[in-house]
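Just so you know, we're using our numbering here: the sequence shown kicks off at 541 and counts up by one.
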Amino acid sequence: MKPFVICHMLGSVDGRIKQDIWGFKDHHKYFEETAAKIEADAWLVGRVTMQEFSSKEEHDLSLFPNVIAKEDFVADQPAKVYAVVIDPSGKCFWDTNMVSTEHVIEVLTEQVSSAYLEHLHSKNVSYIFGGEKELDLDLVLQKLYQLFGIKVVRIDGGGHVNGSFLNAGLIDEFSLVLAPVADGTIGSPTVFEAVEGYENRKATQFKIKSADRIYDDFLWIRYKVLKDLEVAR
Ligand SMILES: NC(=O)c1ccc[n+]([C@@H]2O[C@H](COP(=O)([O-])OP(=O)(O)OC[C@H]3O[C@@H](n4cnc5c(N)ncnc54)[C@H](OP(=O)(O)O)[C@@H]3O)[C@@H](O)[C@H]2O)c1
């Protein structure tokens, strides 16, 4: 069993996701107010996005000399909603095991050091292993379901993490808040950053579930992601 996966993003009309030049006064609300309307047991982000929320302090790993087994760790803590980060080599550091009201779960590979695991233990941060060197995202979802009871997960970006889950065929629904701006920055991350070049693959197809005009000039479009057998165009 694994969770139902909804990817939620705020994008410009050209699919860009960094809002540096968009000029909105209260730019967080367009993402957050819509996200809050999607019921989920967890939100999940990539390492780059999570570093906007994790510790800004220097953490000295030489203070942690013990050998910790590379086994999943489910912290004893009361929260029932989770903040999950795909952090294969353990680059996020923590002052607490919470982001706002959500308990942090680190998704790691076995490449992380024992000292880093001891850092996570010292803050009572949960962690799971998704592979030895590379992450198996299907396995990661299964563990989130089995170990934490996560039945619906909202993937909140950035583009690389969205692209990884899309490429693995693991997104069930895509929720796009389309901002009324053209960004045009070449090389800036887009909603889905998956593969370089076209190779022999096909684009992922969607079917509209709903489309609403919000905040005057924004659109909130919710799509079902079509699996191979459902594509009949
Ligand atoms: N507009 C929006 O709705 C929205 C939402 C969220 C974020 N953002 C913005 O998006 C930007 C960040 O996006 P991004 O695409 O650069 O980064 P990202 O997706 O947040 O993080 C990418 C990193 O996550 C790890 N990762 C992701 N998938 C992986 C996989 N399958 N296997 C192993 N590691 C994986 C890697 O970490 P390592 O490099 O450590 O290996 C990778 O470099 C930020 O500016 C943020 O503010 C916008």
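Positions of the beta carbon are idealized from the N, C-alpha and C atoms, including for glycine.
Item	Value
If we require 3 or more residues per run, which beta strand (DSSP E) segments fall completely within the region 573-638?	582-586 and 622-626
How many Å lie between K610 and A722 at the Cα?	45 Å
By the DSSP assignment, the alpha helix (DSSP H) with G699 in it spans what residues?	G699 to N707
With a 10 Å radius around its C-beta and 16 neighbouring C-beta atoms as the bar for buried, classify E736 as buried or exposed.	exposed
Determine the burial state of S750: buried for a count of at least 16 other Cβ atoms within 10 Å of its Cβ, exposed for fewer.	exposed
Say yes only if the C-beta of H599 is nearer than 8 Å to one or more non-hydrogen atoms of ligand 1, and no if none qualify.	no
To the nearest whole angstrom, what separates the beta carbons of S666 and N606, a pair I think is in contact under 8 Å?	Wrong, their Cβ atoms sit about 18 Å apart, outside the cutoff.
Identify whether D676 lies in helix, strand or coil by the three-state DSSP scheme.	coil
Pick helix, strand or coil for F564, following the three-state DSSP scheme.	coil
For the beta strand (DSSP E) that E736 lies in, which residues bound it at each end?	Looking at the DSSP string, E736 is not in any beta strand (DSSP E), and its letter there is neither H nor E.
Let me know the secondary structure DSSP gives D752 once reduced to three states.	strand
If you draw a straight line from the C-alpha of K542 to the C-alpha of W583, how long is it?	15 Å
Where does E646 fall in DSSP's three states?	strand
State the DSSP-derived secondary structure class of K747, mapped to helix, strand or coil.	strand
Can you tell me where the alpha helix (DSSP H) with L657 in it begins and where it stops?	S654 to S662
In the structure shown, what three-state DSSP assignment does L716 receive?	strand
With a threshold of 8 Å, establish whether the CB of G586 neighbours any heavy atom of ligand 1.	yes
Leaving aside the five residues before and after E650 along the sequence, list all residues of the same chain whose C-beta is less than 8 Å from its C-beta, in chain order.	K610, F669, G671, E672 and K673
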